Every structure is written in C-alpha cells, then in structure tokens.
C-alpha cells in the first residue's frame, strides 16, 4: 500500500479525497494532510479519520511515498527540494514552480540523487504524450492560447476595466514571462512549454471575453510538414485538475500503463 500526504487542503485535494473514499485509489492510503490554514487541515484530517499535521515537516515524517501538491507555485517551491531529498515522490499541480530553468535543473539533479520523481499532473491541458512525441520528431513551433473571463484577472496587473465590455488580448509573450505576470493562473502554459520547446520558446496568449466562465486552453504544435496538432480543452471549473491527479495515480499503480 503506497502512502500519500496531501499538501494543500482546498478544493482540488478535496476531489482527491472524495475519489479515495469512493475506492478509486486502489493501492493507496492517504495518511497525512497539511495546509497553513488550521481550520482546513483539521477538517480534511477529520474527514479522512487521521491525525492532522501541524507542520509540513511533520507530514514528511509519516513514511510517505507520495506528496500530492495543490497549492501555488511559490508555496510548492518551498517544499519541493526537502521532499525530494527524503526520497518522496511529488505529484505536482503548480507546474509554474518549474518555470525557472536553473531551478528546474537543480530539482532534476536532486531527484536523481534521491531516486525520487516529480510527476506533472496534466490538469486542464491533457495530451502530454502528443506534445512529448512531437518534441522528439523535431518541433518547429508550439503555442498556447488561454481564454478567461475578466474576473480571473481582476487582482492582477493584466486587468483592464475595458475587459468587462469587450474582447481583449491581455498578454502575449513567452511561457516564462506569462508565469511572472500571472503566477497562479497559467500553470498550463508552463506545462505545455516543459513538454515541448521550453519556457522561453513557447508562445503564450491570454485573452479575455466578457462574461466568459471557466478556462479554454488551445495548444498548437508543428513539426515542419511532418505533423500538426491542435488540442482544444474547455473546463468550466478547475475540477479537471483534481481528477487528473487521481487519473495519474491510478496509472502509476496499474499493471497496464497508458
């Protein structure tokens, strides 16, 4: 039985817990959870019938095989290295944490030294296999266009009141620049970049539409004349990210791996 600790006790890890209770995570046991918010970690621990952890370090002492991270890029960077050093695998949703190439290479090295792995949950994009296969074939271009409602940008530097009345292009640049402008809202862009041409060579557009609900992710890749692909995923809520964690864990424990 593989032992899981949950880092972050919000909506996405609640989906993981719900699936676990329904018996969808055969071969796994959730033995720990931690959030900086005492109320949320106590509530999740109670729902699981386990003792709450009062610190992240305390959670790491529960003989874990996996940590499922569902926080934000800055919070995940605080724990990745210490988790990997203990030989604990991480299922990462806040993929923006790996946008810095120097940090990315350092974490890769630590993983090799500790025989641990970081698994990138596909979240709202899917199609990692197609993207990685295309990279092997020699990608000539990769881009992602993200469409949001204005409210998603309301507390960011990208927000413009005009967005409430008309379609607007809020951002255009590299994946590296995108995650700096929108730290918690464009993890999919970094995931696309890591699977294709890197954070500096993958183009990102963020556009807004008045009244738009949810997120639309459109990925376009080209391998000269050999291959062209267009992946279009719309998600009304962020739930798909939580379910992608469950699907990943199921796959890792399956005798037949997709």
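Numbering (the working numbering), first residue to last: -19 to 238.
Heads up, the beta-carbon is just placed ideally off N, CA and C, and yes, glycines get one too.
Quick caveat, the model's predicted, so the values are computed rather than measured.
- Looking at the DSSP output, residue 9 bridges to -17.
- By the C-beta criterion, the region 66 to 80 is judged not to be in contact with the region 20 to 32, since fewer than 3 inter-stretch pairs fall below 8 Å.
- Taken atom to atom, the span from the alpha-carbon of residue 92 to that of residue 67 is near 10 Å.
- Three or more Cβ pairs closer than 8 Å define a contact, and the region 110 to 118 meets that threshold against the region 201 to 215.
- By the criterion of at least three beta-carbon pairs nearer than 8 Å, the region -19 to -11 is in contact with the region 2 to 13.
- Bounds of any alpha helix (DSSP H) do not take in residue 16, whose DSSP letter is neither H nor E.
- An exposed status is given to residue 86, since fewer than 16 other beta-carbon atoms sit within 10 Å of its beta-carbon.
- Rounded to whole angstroms, the Cβ separation of residue 186 and residue 128 is 7 Å, and the two are in contact under 8 Å.
- Restricting attention to beta strand (DSSP E) runs no shorter than 3 residues, the region 86 to 126 encloses them at 98 to 100, ordered along the chain.
- In summary, residue 195 is buried, with 16 or more beta-carbon neighbours lying within 10 Å of its beta-carbon over all protein chains present.
- In this structure residue 183 is buried. Its beta-carbon is surrounded by 16 or more other beta-carbon atoms within 10 angstroms.
- Cβ neighbours of residue 148 within its own chain (closer than 8 Å, five residues either side excluded): 140, 142, 187, 188.
- Secondary structure at residue 150: strand, using DSSP grouped into helix, strand and coil.
- DSSP, read as helix, strand or coil, puts residue 180 in coil.
- Residue 186 sits in a strand when the DSSP states are folded into three classes.
- Rounded to whole angstroms, residue 231 and residue 145 show a C-alpha spacing of 44 Å.
- Judged by pairs of C-beta atoms under 8 Å, the region 40 to 48 does not touch the region 121 to 135, as fewer than three such pairs exist.
- The beta strand (DSSP E) runs of length 3 or more contained entirely in the region 33 to 74 are, from start to end of the chain, 46 to 49, 69 to 72.
- Of all alpha-carbon atoms in 197, 101, 227, the one lying nearest the alpha-carbon of residue 214 is that of 197.
- Note on geometry: alpha-carbon atoms of residue 166 and residue 156 lie some 10 Å from one another.
- Membership of residue -3 in the alpha helix (DSSP H) is indicated by the continuous run -9 to 1.
- It is roughly 37 Å from the alpha-carbon of residue 19 to the alpha-carbon of residue 151.
- With respect to residue 72, residue 56 sits close: the two C-beta atoms are nearer than 9 Å.
- Taking the Cα positions, residue 60 is about 10 Å away from residue 53.
- About 7 Å separates the beta carbons of residue 103 and residue 171, which is inside the 8 Å limit, making them a contact pair.
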